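> Sharing a structure with you now.
Protein chains: 4
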Amino acid sequence: MPENVKTADELQTRLVANHFNEWMGLKIVGLDEDKIEITMTWREEMISNPKARVTHGGILGALVDVAADFMIAAKAGAPAPTVDMRVDYHRAAMPGDLKAVGRIVRLGGTFSTAEAEVFDGDGKMVASGRGLYFTGALKKQVKFLARF
Amino acid sequence: MPENVKTADELQTRLVANHFNEWMGLKIVGLDEDKIEITMTWREEMISNPKARVTHGGILGALVDVAADFMIAAKAGAPAPTVDMRVDYHRAAMPGDLKAVGRIVRLGGTFSTAEAEVFDGDGKMVASGRGLYFTGALKKQVKFLARF
Amino acid sequence: MPENVKTADELQTRLVANHFNEWMGLKIVGLDEDKIEITMTWREEMISNPKARVTHGGILGALVDVAADFMIAAKAGAPAPTVDMRVDYHRAAMPGDLKAVGRIVRLGGTFSTAEAEVFDGDGKMVASGRGLYFTGALKKQVKFLARF
Amino acid sequence: MPENVKTADELQTRLVANHFNEWMGLKIVGLDEDKIEITMTWREEMISNPKARVTHGGILGALVDVAADFMIAAKAGAPAPTVDMRVDYHRAAMPGDLKAVGRIVRLGGTFSTAEAEVFDGDGKMVASGRGLYFTGALKKQVKFLARF
Chain A
1 MPENVKTADE
11 LQTRLVANHF
21 NEWMGLKIVG
31 LDEDKIEITM
41 TWREEMISNP
51 KARVTHGGIL
61 GALVDVAADF
71 MIAAKAGAPA
81 PTVDMRVDYH
91 RAAMPGDLKA
101 VGRIVRLGGT
111 FSTAEAEVFD
121 GDGKMVASGR
131 GLYFTGALKK
141 QVKFLARF
Chain B
149 MPENVKTADE
159 LQTRLVANHF
169 NEWMGLKIVG
179 LDEDKIEITM
189 TWREEMISNP
199 KARVTHGGIL
209 GALVDVAADF
219 MIAAKAGAPA
229 PTVDMRVDYH
239 RAAMPGDLKA
249 VGRIVRLGGT
259 FSTAEAEVFD
269 GDGKMVASGR
279 GLYFTGALKK
289 QVKFLARF
Chain C
297 MPENVKTADE
307 LQTRLVANHF
317 NEWMGLKIVG
327 LDEDKIEITM
337 TWREEMISNP
347 KARVTHGGIL
357 GALVDVAADF
367 MIAAKAGAPA
377 PTVDMRVDYH
387 RAAMPGDLKA
397 VGRIVRLGGT
407 FSTAEAEVFD
417 GDGKMVASGR
427 GLYFTGALKK
437 QVKFLARF
Chain D
445 MPENVKTADE
455 LQTRLVANHF
465 NEWMGLKIVG
475 LDEDKIEITM
485 TWREEMISNP
495 KARVTHGGIL
505 GALVDVAADF
515 MIAAKAGAPA
525 PTVDMRVDYH
535 RAAMPGDLKA
545 VGRIVRLGGT
555 FSTAEAEVFD
565 GDGKMVASGR
575 GLYFTGALKK
585 QVKFLARF
């Protein structure tokens, strides 16, 4: 696996240039060669079932996608288009901030696979999943990808 | 496949009691025995890449999930908890309202599979996918599910 | 969607040149512009749980993959490499021949999505799923793919 | 996570009672509290593309499923029915024995998620994926699952 080419600060700027990510209050709170950690600020509009007040699965899916893709961005310089993804819902996410941890499964010159886990404030995993990213779209700006 | 037990109006009330669905401006515009059609009102906060101004994949994923689950709700009386889902992204979704069409793949007493396609204003499919729903959670209120 | 460029006979030759497909006794029994139908000859070695004598999920997954990919082959001239896939298991598949029906969800110049359903001898759906195929790998031999 | 309730030897007996697993020459070569390692003996009938002589994706998918499910079996006493699965294909698997490593993502009383990676003889990862398993089916024989 190549070394990171972006810092947490550089990625943070890109992260919240994305309006929906900004709406979710996303913030990179950790980055090393193996993983990225992103927190989300809960808001009332994220509620799904109004009685149970659980957080909408679409929000959890977006978190999995963003955390996985921004670990790719750390290695490849920019997030890559998501081709497809799978999300597993493990527990209801009650109102409160969440944290997503993204890791790369395989970095490739055409396609890459990355995964993420989403945790609630008690550290319980509420969702996890993996996505396929079209890193081929980044080849022009990221020369080293051709080696994979 | 059993007949629908809920009307579009009944489902609409439930749909937007969900805060995030309301935020997305979801509206049921069609319902028959085979499919449900739900429109989404685009908003600036849904933008992902700010240059390309494409709609965030998390929004498309939420649409697939909601349309699939509300076709289950039409048959089973209530939406069922999402256990996992897969979303395929086919084209960039440019700014503009979207429509999701949900169908049931298999209705079961413990778990059910449903799918949905998401279309842009030109009728082009921008995403599609399928989810697994825990219809076993509905068994107490929906007696007939025990037959599946 | 473009017209088929291969006949069922041409595809059958390619299908069983593949040793594992031959081992499964695969046979194309139907092909039109929208779908391909492939039958599988059951064999004792396909059994999973020896008491229940159900067919192994790996066999059902292989059937979904092959049927989806050979509908792509009908349109694109050759099967494309599978990038990822999802399979849903709906019912236990008891001993007996199976039939898979493949359809294209979206045909693209770089990647394509196709789906398939697998039925038992009573016409009950035992599994279904979808895969992502790297049609970009076929571009040199299949010129028209560049248009998608 | 609870401790293993089965030894590698006990699981091996169950593993190859399954005819298709026996046909694939599966052998448990490692088991600890976190992971199970299973080797597969390559055979000519597993070839997909006859020119490239790569191993069929259906075989790799079956390996992911079996390794994930038998790690569940180590904890829960028996493999659980596969509800759905996702497989990512990372590299062509050339002729030769393979090794799958299975881990649990989340063990639950109704549904459980487990994952696996498949490696070739050079230690390169050729495929990986995750499945959803209906551990609720094991509740009668495995009392402690009710606690999850």
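Residue numbers (the numbering used here), protein chains in the order written: chain A, 1 to 148; chain B, 149 to 296; chain C, 297 to 444; chain D, 445 to 592. Glycine included, every Cβ here is placed at the ideal spot set by N, Cα and C. None of the values given here were measured: they were computed from a predicted structure.
#1: Report the neighbours of isoleucine 355/C on chain D: residues whose CB is nearer than 8 Å to its CB, in chain order.
#2: By the three-class DSSP mapping on this structure, what secondary structure does tryptophan 23/A have?
#3: Could you tell me whether the Cβ atoms of alanine 228/B and isoleucine 220/B are closer together than 8 Å?
#4: Please report the residue range of the beta strand (DSSP E) in which valine 360/C lies.
#5: What does the alpha-carbon distance come out to for the pair proline 298/C and leucine 403/C?
#6: Could you tell me the boundaries of the beta strand (DSSP E) in which valine 83/A lies?
#7: Does the beta-carbon distance from histidine 238/B to threonine 378/C come in below 8 Å?
#8: Classify alanine 477/D: buried if its beta carbon has 16 or more other beta carbons within 10 angstroms, exposed otherwise.
#9: Kindly indicate which residue of Lys272/B, Arg162/B, Lys223/B, Glu192/B has the alpha-carbon position closest to the one of asparagine 152/B.
#10: With 8 Å as the threshold, decide whether the Cβ of threonine 378/C is near any Cβ in chain B.
#11: How is the alpha helix (DSSP H) around alanine 116/A delimited, first residue to last?
#12: Got a sec: is the Cβ-Cβ distance from threonine 409/C to anything in chain B below 8 Å?
#13: Are the CB atoms of alanine 67/A and isoleucine 38/A nearer to each other than 8 Å?
#14: Under 8 Å by Cβ, that's how I've got alanine 452/D and leucine 470/D pegged, so tell me the actual separation to the nearest angstrom.
#15: DSSP state of valine 177/B, grouped into three classes?
#16: Give the straight-line distance between the Cα atoms of proline 243/B and phenylalanine 267/B, rounded to the nearest whole angstrom.
#17: In angstroms, rounded to a whole number, what distance separates the CA positions of aspartate 509/D and arginine 43/A?
#18: Note down, in chain order, every chain C residue with its Cβ under 8 Å from the Cβ of leucine 132/A.
#19: Using the rule of at least 16 other Cβ atoms within 10 Å of the residue's Cβ for burial, across every protein chain shown, is valine 325/C buried or exposed?
#20: Out of curiosity, what's the CA-to-CA distance linking phenylalanine 20/A and isoleucine 59/A?
#21: Mark glycine 102/A as exposed unless 16 or more other C-beta atoms lie within 10 angstroms of its C-beta, in which case mark it buried.
#22: By the three-class DSSP mapping on this structure, what secondary structure does arginine 487/D have?
#23: Using DSSP with H/G/I as helix, E/B as strand and the rest coil, what is glycine 257/B?
#24: For threonine 135/A, count neighbouring C-beta atoms within 10 Å of its own C-beta (all shown protein chains included) and say buried if the count is 16 or more, exposed if not.
#25: Methionine 342/C touches chain D at which residues, Cβ-Cβ below 9 Å?
#26: Would you please verify whether the beta carbon of serine 128/A is less than 8 Å from any beta carbon of chain D?
#27: Any idea if glycine 573/D is buried or exposed, counting beta-carbon neighbours within 10 angstroms, 16 or more meaning buried?
#28: Is there at least one non-hydrogen atom of the ligand ATP closer than 7 Å to the beta-carbon of aspartate 213/B?
#29: Who are the near neighbours of tryptophan 467/D in its chain, counting only those whose CB is closer than 7 Å to its CB and skipping five residues on each side?
#30: Comparing C-alpha positions only, which one of Lys183/B, Leu280/B, Leu163/B sits nearest to aspartate 232/B?
#31: Beta carbons nearer than 7 Å to chain C: which residues of the stretch 530-541 of chain D have them?
#32: Round the Cβ separation of alanine 388/C and alanine 348/C to the nearest angstrom and send it over; I've been treating them as touching at under 8 Å.
#33: Output yes if chain C places a C-beta closer than 8 Å to the C-beta of aspartate 509/D; else output no.
#34: Which value, in whole angstroms, describes the spacing of the CA atoms of threonine 41/A and valine 202/B?
#35: Where does the unbroken alpha helix (DSSP H) through alanine 127/A begin, and where does it stop?
#36: On the CB-based measure, 16 or more other CB atoms within 10 Å of its CB, does lysine 272/B come out buried or exposed?
According to the structure data:
#1: Phe464, Gly502, Ala506
#2: helix
#3: yes
#4: Premise fails: valine 360/C lies in the alpha helix (DSSP H), 353-372, not in any beta strand (DSSP E).
#5: 9 Å
#6: 82-89
#7: no
#8: According to the sequence shown, residue 477/D is glutamate rather than alanine. Its Cβ having fewer than 16 others within 10 Å, glutamate 477/D is exposed.
#9: Lys223/B
#10: no
#11: Note, alanine 116/A: premise wrong, no alpha helix (DSSP H); beta strand (DSSP E) at 112-119.
#12: yes
#13: yes
#14: The pair is not a contact, with the Cβ atoms about 12 Å apart (cut-off 8 Å).
#15: strand
#16: 12 Å
#17: 38 Å
#18: Val379, Asp380, Leu428
#19: exposed
#20: 10 Å
#21: buried
#22: coil
#23: coil
#24: buried
#25: His463, Phe464, Trp467
#26: yes
#27: buried
#28: The ligand ATP is not among the ligands present in this structure, which contains no ligands whatsoever.
#29: none
#30: Leu280/B
#31: Arg530, Val531, Asp532, Tyr533
#32: 7 Å
#33: yes
#34: 23 Å
#35: Note, alanine 127/A: premise wrong, no alpha helix (DSSP H); beta strand (DSSP E) at 125-133.
#36: exposed
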